[in-house]
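Quick note: to get the working numbering, add 2 to the position in the sequence shown (first position is 1). Where is the CB? At the ideal position from N, CA and C, for every residue including glycine. The structure presented is a predicted model; accordingly, all values stated were derived computationally and were not measured.
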Amino acid sequence: MAAPANQFKIPDTIERDEEGFLLYTEDWSPELAKELAREAGMELEGERLKIVSYVREYFETHQAVPEARTVLKHMKEIWGEHRATRKYLYQLFPRGYGQQACKIAGMRKPRKLMLDV
């Protein structure tokens with residue numbers, strides 16, 4: 003079945019690993035992120051979108067993926083202490099920050115478990 007005309011389809015030219023993580027971060031785009039989120043069964047909007055955008059900005063500045071504690075610190079700065087918790091981060095990304103937020107942000111599969119600690 004073809005995708006609706008207004009829905010982005012991930013091009014076959016974008017290489018991904020067996021779990022769907024991009025092999026090349028430069029292939030990422032906002033449209034691709036929305037489709038990756040859709041594949042994960044979630045909408046990319048609101049706070050999820052802000053986390054994914056932060057991961058991309060951090061990566062572009064530091065050429066590294068931020069650990070979860072770095073993301074939590076950022077969340078505290080923008081939303082306050084009551085939402086800057088691992089529990090809340092898991093509410094946004096139920097399969098884990100490394101498995102979902104990083105994947106949607108176009109990162110390679112995280113090697114370090116510290117992303118979800």
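Touch check for the segment 13 to 31 and the segment 82 to 89: three-plus C-beta pairs under 8 Å?
With a cut-off of 8 Å, the segment 82 to 89 and the segment 13 to 31 do not count as touching, because too few Cβ pairs lie within range.
Spell out a yes or no on whether the segment 33 to 53 and the segment 88 to 101 are touching, meaning 3 or more CB-CB pairs, one atom from each, closer than 8 Å.
The segment 33 to 53, when compared against the segment 88 to 101, does touch it at the 8 Å Cβ threshold.
Three-state secondary structure (DSSP) at R18?
Three-state result, R18: strand.
Measure how close the beta-carbons of Y99 and A70 come, nearest whole angstrom, since I'm counting them as under 8 Å.
So it is a contact: roughly 5 Å between Cβ atoms.
Taking the straight line between their C-alpha atoms, what separation do you get for E33 and R58?
Computed Cα separation, rounded: 14 Å.
Give the single residue among P13, K75, P68 whose Cα lies nearest to the Cα of M109.
Looking at the Cα atoms, P68 is the closest of the given residues.
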